[in-house]
Amino acid sequence: MGDHDAALAKLARATTAAPAAFEAWHALAEINFSLRRFDAALIAADRALALRPDDLFINTTLSRIWMEKGDKATAEKYGAQAKILSWKDQLKNPEAAKDGL
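And the structure:
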């Protein structure tokens, strides 16, 4: 859906202009993943992870990328990290967890 080439070009400009923009790196990883460009997705996801290693969603993204690349052990490592981060968030925000948020 949408214009992937335009999105990739905008994100390339964004990450060049602001290399510490976690959201741009994560979006770049997700778009490349959806296009099945797993090596490019991995590069972007690794950059995002370096900026926010405790982000639940980038760990999930990395798990999905590694699974597609055929490395189940590495995929499970990132999947486990995502689960741990999810539990930590539930402990910090019990009301949100109770409400399903």
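Counting from 1, position 57 in the sequence shown corresponds to residue 85 in the working numbering; the numbering is continuous, with no gaps.
Yeah, the Cβ is synthetic: ideal placement off N, Cα and C, and Gly gets one too.
Because the structure is a prediction, the values reported are computed rather than measured.
As for any alpha helix (DSSP H) of minimum length 4 sitting wholly inside the segment 39-121, the runs are 50-62, 66-79, 84-96, 100-120, ordered along the chain. At a Cβ-Cβ threshold of 8 Å, Phe-50 and Ile-93 do not count as neighbours. In the three-state scheme derived from DSSP, where H, G and I count as helix and E and B as strand, Asp-33 is classed as helix. Linking Tyr-106 to Asp-74 through their CA atoms gives a straight-line distance of about 12 Å.
Under the criterion of beta carbons closer than 8 Å, Ala-52 and Asn-60 do not qualify as touching, at roughly 13 Å.
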